[in-house]
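Participant: Numbering (this note's numbering), first residue to last: 219 to 404.
Heads up, the beta-carbon is just placed ideally off N, CA and C, and yes, glycines get one too.
Every value quoted in this text rests on a predicted model; they were computed, and no experiment measured them.
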Amino acid sequence: MADFTDSLTDKQIEMIGRQPIFFTATAAANGRINLSPKGYDAFRVLSPTRVAYLDLAGSGNETHAHLQADGRITIMFCDFDRPALILRIYGQGRPVLPQDDGWDALAAHFELLPGTRQIFVIDVESVQGSCGWGVPIMTLDRERETLTKYHAQADPEAWLTKTKGRTKSIDGLPTRPTDRYFGPTN
C-alpha cells in the first residue's frame, strides 16, 4: 500500500497545499525523539526536492538542536478529508535564522508571523505515500490564534532576552538564538 519516490510529485504537492496541519519528527544520537504538530500557513514546497517551514518560538527548540546534531527529519501530512492519504517526507534539514546568509530569500516565501524564530529547510531524500485508511475524517474549525497573539503582545527586548537565554535543548544539545523580534509591525 505504500509507494516511494525520490522527490515530490505534482499530486503530492497539491495534497500538501490543502493541509492545515503537519507533523515534524527529529532525533539526535542520544536523548528524546521530538514529534511536533505545526499549524498556520507555514509550509512551503520550494521545489520537488526541497521544502521549508516557518518556525515560531514555543516551549523549546528541539528541532533546531536535532538538526544541528544529526540533520535527519521526517515531515508527515495526513489528509483528514478524501481521498485518504498519508505522506511522509524524509530528508536532511537545517535551521536558517534571520542573521544567516540566505534568510531574505527564504523569508520571501512566507508571511512572517509574530514570534517567527527561524525557517527550517529540508532537502528531500525520499517521499512515502500510503493509504491513510485508518485516519479519521475531520474538518478544520479555525486556526488557534493563541501563539501569534502571545508573541504580538510581547515586549521586543524582553522577547529577545528570553529567546537568547534558551540555547540548550531539553537534552542539553546546543541551539542558536535568533537575533531579531518579528512582531505585528513586520
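Is it buried or exposed for SER387, if we count other Cβ within 10 angstroms and need 16 for buried?
Facilitator: buried
Participant: If you drop the 5 nearest sequence neighbours on each side, which residues of the same chain put their C-beta closer than 7 Å to that of LEU226?
Facilitator: Cβ contact annotation for LEU226 (same chain, cutoff 7 Å, sequence separation greater than five): VAL263, PRO266, VAL342 and VAL345, in chain order.
Participant: Need the endpoints of the alpha helix (DSSP H) that ALA243 sits in, please.
Facilitator: It is not in any alpha helix (DSSP H) - ALA243 instead sits in the beta strand (DSSP E) that spans 240-245.
Participant: Can you tell me which residues form a DSSP beta bridge with THR334?
Facilitator: LEU274
Participant: Could you give the distance in angstroms between the alpha-carbon of LEU331 and the alpha-carbon of LEU365?
Facilitator: 10 Å
Participant: Tell me, please, whether the segment 226-237 touches the segment 293-309 by the rule of three or more beta-carbon pairs shorter than 8 Å.
Facilitator: Enough Cβ pairs lie closer than 8 Å, so yes.
Participant: Grab me the residues of VAL269's own chain with a C-beta within less than 6 Å of its C-beta, minus the 5 sequence neighbours each way, in chain order.
Facilitator: VAL263 and ILE340
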